[in-house]
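In my numbering, the protein residues as written are 51 to 453.
Below is the structure:
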């Protein structure tokens with residue numbers, strides 16, 4: 051009788067053989083050498099630290115390195131910049147589902163597509179707090195708040211809330227509710243992240259004052275390929291929101307999706323945009339498309355594991371200090387395949403049975419993976435509350451004085 055560990059070890063060896071064969075694909079035909087681009091740039095990242103002056107050709111040369119070489123040097127940078135066994139666990143909850151006016155071609159929450167998803171209003175503060183009180187003191191199970199409590203109990207240190215909106219303009223009542231959610235969840239000792247669409251400058255300041263740790267606003271793909279995926283929000287509007295978030299003193303979470311039909315050059319373009327921002331994002335989610343029936347991308351072929359490894363390792367080398375998050379699509383990969391992603395430089399995951407509306411690995415599956423791979427949960431990284439309030443007030447004063 052084979053043990054779980056021996057079966058996973060066998061799967062891992064098979065995954066490495068697959069990666070080895072992919073090293074000779076057309077995108078990675080360069081021969082192995084100690085002077086590969088991945089080796090050169092990894093050494094530079096280790097000796098010099100993060101840089102923001104990357105050229106697109108430099109990143110492409112790293113990305114095109116033989117995949118095993120790329121994995122090895124991504125691992126070197128990762129071990130230099132981070133505790134390689136620590137993995138941040140995040141939980142993502144849709145607090146306002148469906149009915150979105152945008153046309154993101156991958157998203158089942160768009161009102162333009164028939165995906166069978168029923169639109170729901172924003173969860174109310176009273177409902178959340180009432181459910182939280184009953185659950186905490188009576189041990190009962192009350193909907194969404196149970197996810198929050200389970201998240202913390204399962205080791206999640208960051209709770210992320212997503213609302214299916216294009217932006218927060220004209221949503222003052224809903225926005226004020228969310229500010230209260232941020233305060234309440236932060237008081238539970240967890241980091242808090244939101245993804246609410248585009249923000250106004252003052253709204254970013256208010257989120258910071260409420261205690262928000264991070265704001266997610268993905269670029270999705272390269273500037274060049276972007277119009278093939280979305281037409282209702284421009285690339286520059288996304289970048290403007292990231293600027294407002296950064297200026298407010300909130301950590302930036304921004305990455306993209308692979309498997310949208312883009313070329314490898316577009317994956318390089320996405321990483322180039324992120325790596326040449328004035329400051330690298332603190333978190334870089336790498337998502338593999340989960341094609342949903344009813345969306346324009348429903349027939350896209352699944353992303354292969356070596357594509358994820360290549361993307362993660364490149365992101366790790368060009369943005370060494372960032373948390374590289376193995377995000378949507380992880381549910382399709384085995385524990386050995388996910389292990390390769392962690393070796394390449396991933397050090398953050400979403401845990402819980404759903405990511406907004408799509409399937410994900412549940413808490414129990416992830417606890418098993420952590421045990422088998424010897425991973426340990428990363429502790430919360432936010433500063434003390436007093437420092438956060440002081441910084442938020444300073445940001446608010448700066449924003450008001452600038453008009």
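Just so it is clear, CB atoms sit at the ideal spot from N, CA and C, and this is done for glycine as well. Predicted model, so just to flag it, every value in this text is computed and none were measured.
Would residue 353 pass as a contact of residue 308 if the rule is Cβ separation under 9 Å?
yes
Quick check: the Cα distance between residue 425 and residue 351, rounded to an integer number of angstroms?
31 Å
Between the beta-carbon of residue 455 and the beta-carbon of residue 95, is there less than 9 Å?
Lying before the first or after the last residue shown, residue 455 is absent from the chain, which here runs from 51 to 453.
Neighbour-count burial assignment, residue 166, 16 or more Cβ in a 10 Å radius
With fewer than 16 Cβ atoms within 10 Å of its Cβ, residue 166 is classed as exposed.
Count the other CB atoms within 10 Å of the CB of residue 282; is the residue buried (16 or more) or exposed (fewer)?
Exposure of residue 282 is indicated by the presence of fewer than 16 other C-beta atoms within 10 angstroms of its C-beta.
Three-state secondary structure assigned by DSSP to residue 293:
helix
Can you grab the Cα-Cα spacing for the pair residue 413 / residue 141, in whole Å?
Using only the alpha carbons, I get a separation of about 10 Å.
May I have the straight-line CA-CA distance separating residue 223 from residue 230, to the nearest angstrom?
Separation of residue 223 and residue 230 (C-alpha to C-alpha, rounded to the nearest whole angstrom) is 11 Å.
May I ask you to report which of helix, strand or coil DSSP gives residue 278?
It is helical.
Could you check whether residue 306 and residue 296 sit closer than 9 Å to each other, using their CB atoms as the reference points?
No, the pair does not count as a contact, with Cβ atoms beyond the cut-off.
Check residue 307 in the structure and name its three-state DSSP category.
strand
I need the DSSP call for residue 245, collapsed to helix, strand or coil.
Residue 245 falls in the strand class under three-state DSSP.
Can you tell me whether residue 452 is buried or exposed? The criterion is at least 16 other CB atoms within 10 Å of its CB, across all chains shown.
Unreliable placement is indicated for residue 452, whose pLDDT of 46 sits below 50; the coordinate value is still reported in the next sentence. Classification for residue 452: exposed.
Use the C-beta contact count for residue 344: other C-beta atoms within 10 angstroms, 16 or more gives buried, fewer gives exposed.
Its Cβ having fewer than 16 others within 10 Å, residue 344 is exposed.
Could you spell out the range, first to last residue, of the alpha helix (DSSP H) harbouring residue 386?
385-394
By Cβ distance below 7 Å, which residues in the same chain neighbour residue 131 in space, the five residues on each side in sequence not counted?
370 and 371
With distance defined between alpha-carbon atoms, name the residue in 291, 385, 158 and 427 nearest to residue 245.
Of the candidates 291, 385, 158 and 427, the one whose C-alpha sits nearest the C-alpha of residue 245 is 291.
Looking only at DSSP bridge pairs, what is residue 354 linked to?
Looking at the DSSP assignment, residue 354 forms no beta bridge with any residue, so it has no partner.
Is it the case that the Cβ atoms of residue 119 and residue 86 are separated by a distance below 9 Å?
yes
For the beta strand (DSSP E) that residue 230 lies in, which residues bound it at each end?
First-last for residue 230: 222-237, but that is the alpha helix (DSSP H), not the beta strand (DSSP E).
Where do the ends of the beta strand (DSSP E) carrying residue 338 lie?
That run of the beta strand (DSSP E) goes 333-338.
Applying the 10 Å Cβ sphere with the 16-neighbour rule, what's the burial state of residue 105?
Here residue 105 is exposed. Its C-beta has fewer than 16 other C-beta atoms within 10 Å.
Whole angstroms are fine: how far does the CA of residue 312 sit from the CA of residue 342?
Between residue 342 and residue 312, the C-alpha separation is close to 17 Å.
Compare the Cα-Cα distances from residue 249 to each of 220, 235 and 276 and report the closest residue.
220
Please give the ranges of any alpha helix (DSSP H) in the region 86-173, keeping only runs that are unbroken, at least 4 residues long and fully inside the region.
87-98, 106-113 and 117-131
Within the continuous beta strand (DSSP E) that includes residue 419, where are the two ends?
Element bounds for residue 419: not the beta strand (DSSP E) but the alpha helix (DSSP H), 413-423.
Minimum C-alpha distance to residue 275 - residue among 300, 240, 237 and 319
319
Report buried or exposed for residue 191, applying the criterion of at least 16 other Cβ atoms within 10 angstroms of its Cβ.
Residue placement at residue 191 is flagged as unreliable, the pLDDT there being 34, under the threshold of 50; the coordinate-derived value follows with that caveat. That one is exposed.
Range covered by the alpha helix (DSSP H) that runs through residue 212:
Residue 212 -> not in any alpha helix (DSSP H); beta strand (DSSP E) instead, spanning 208-213.
Nearest by alpha-carbon distance to residue 273: which of 129, 421 and 289 is it?
289
Who are the near neighbours of residue 325 in its chain, counting only those whose CB is closer than 6 Å to its CB and skipping five residues on each side?
104, 368 and 369
Could you give the distance in angstroms between the alpha-carbon of residue 418 and the alpha-carbon of residue 385?
9 Å
Among 348, 332, 397 and 314, which one has its Cα closest to the Cα of residue 110?
Ranking 348, 332, 397 and 314 by CA distance to the CA of residue 110 puts 314 first.
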